[in-house]
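My numbering applies: residue 1 is where the sequence shown begins, and numbers increase by one.
Every residue, glycine too, gets a C-beta built ideally from N, C-alpha and C.
If you're wondering where the values come from, they're calculated on a predicted model, not measured in any experiment.
Here's the structure, in structure tokens; my notes come after.
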Amino acid sequence: MSTKSVFVTIVGRPNVGKSSLLNVFVGEKVAIVSPKPQTTRMRITGVLTKNEIQLVFIDTPGMHKPRTKLGEHMVKQINSSVADVDVAILMTEASGEIRSSEINLMESFKAKKIPAVLAVNKIDTLKQKEQMMDKILKFSELFKFDEIVPISVLKRDGVDILLSIIERYAKPAPHFFDGDDYTDQTERAIISEMVREKVLMNMNDEIPHGTVVEIEEMKERENGEIADIRAVIYCEKQSHKAMIIGKNGERLKKIGSQARVEIERLLGLKVNLQCWVKVRQDWRNSAGNLRQFGFQ
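Pasting the structure below:
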């Protein structure tokens with residue numbers, strides 16, 4: 001059987017649903033999701049193999065103005081993801097104005113001569129369809145998209161249509177991943193992000209941007225039924241540490257309990273998850289810390 005492959009980058013501003021779309025495409029949770037902007041910090045690869053066609057999706061951080069070395073790294077991830085792909089999906093919301101970051105992305109498509117599909121997400125939240133039509137018209141004036149697809153990732157509306165369009169860009173090529181692979185991330189990386197997701201979901205706006213999770217230890221017991229995992233949540237201030245732990249440790253227990261459920265589903269094992277909190281001041285501006293935490 002002759003095989004085909006297509007490399008697809010998913011870009012857009014923060015919080016438009018890029019990671020949710022990736023998870024729906026792949027059928028597995030490979031990228032964490034939260035209402036907080038800049039949840040995704042690095043390029044995440046998701047893989048879907050459908051018979052002879054293999055689709056390789058690259059999820060990226062939301063385009064934003066960087067304020068830290070970590071932010072600069074995130075923007076570099078976006079820019080590099082637009083190179084050497086077969087097609088780009090620019091995700092935007094069905095309502096609201098076009099942002100300068102979206103204009104910059106369209107300019108990069110032009111410069112690199114990359115075909116692009118506009119995915120207009122969150123159509124389920126529209127009160128008036130005229131809002132969406134007006135926005136689509138404005139986008140069309142700025143860039144010649146190959147296709148424009150209104151979707152709702154939350155309701156799974158239009159996602160199959162978008163996927164079938166992306167499949168058309170597949171070219172004769174070998175498959176770069178095994179047929180049952182759905183990401184290139186290690187289990188440790190996925191687990192650390194699952195813990196961070198629960199931090200994001202349980203904290204107020206300020207603190208989550210200054211947190212990162214490192215899996216210090218992960219081993220399976222001899223009986224093969226239980227995995228022991230030690231996760232360290234790093235934050236930037238002593239006051240943040242106290243807030244993450246919460247009164248009598250209740251918030252940290254909740255974070256650990258919620259994460260454990262997802263980790264057990266991932267590993268297919270019972271999990272003994274121990275979560276600790278440590279302070280690493282201004283780690284987002286330290287090249288050494290960024291390397292330690294995998295941002296390189």
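Exercise. Should the stretch 131-142 be called in touch with the stretch 162-178, which here means at least 3 C-beta pairs below 8 Å?
Worked result: Not touching, per the Cβ criterion.
Exercise. Which whole runs of the alpha helix (DSSP H) in the stretch 151-209 are 4 residues long or more, in chain order?
Worked result: You should have 159-167 and 187-202.
Problem set entry | Start-to-end residues for the alpha helix (DSSP H) that takes in Ala231 | Segment Ile226 to Cys235 is the beta strand (DSSP E) holding Ala231; no alpha helix (DSSP H) there.
Exercise. Using DSSP with H/G/I as helix, E/B as strand and the rest coil, what is Glu147?
Worked result: Here Glu147 sits in strand by DSSP.
For this session: Counting only the same chain and skipping the five closest in sequence on each side, list residues whose C-beta sits under 8 Å from that of Lys241.
Result: Counting only Cβ-Cβ distances below 8 Å, and skipping sequence neighbours, we find Cys235, Val277, Lys278 and Val279.
Problem set entry | At least 3 beta-carbon pairs within less than 8 Å: the stretch 12-22 vs the stretch 92-107 | Cβ pair count under 8 Å is three or more, so yes.
Exercise. Which class does Ala111 belong to by DSSP, given the choice of helix, strand or coil?
Worked result: Looking at Ala111 - three-state DSSP - the assignment turns out to be helix.
For this session: With distances taken Cα to Cα, identify the nearest neighbour of Leu55 among Tyr182, Lys198 and Leu154.
Result: Measuring from the Cα of Leu55, the nearest candidate turns out to be Tyr182.
Exercise. Can you list, in chain order, the residues of its chain whose CB lies under 8 Å from that of Phe145, leaving out five sequence neighbours each side?
Worked result: Taken in chain order, the residues that qualify are Leu90, Ala116, Val117, Leu118 and Phe139.
For this session: Return the chain-ordered list of same chain residues with a C-beta closer than 8 Å to the C-beta of Gln281, the five sequence neighbours on each side being excluded.
Result: Contacts found: Glu236 and Lys237.
Problem set entry | Rounded separation between Val153 and Pro174 - CA only | The alpha-carbon separation between Val153 and Pro174 amounts to approximately 30 Å.
For this session: Kindly list the residues whose CB is nearer than 8 Å to the CB of Asn344, restricted to its own chain and excluding five residues on each side of it in sequence; keep chain order.
Result: With the chain represented from 1 up to 296, any question about residue 344 goes unanswered, as that position is not in the structure.
For this session: Could you tell me which of Thr68, Arg67 and Asn104 sits nearest to Ile78, measuring between CA atoms?
Result: Answer by Cα proximity: Asn104.
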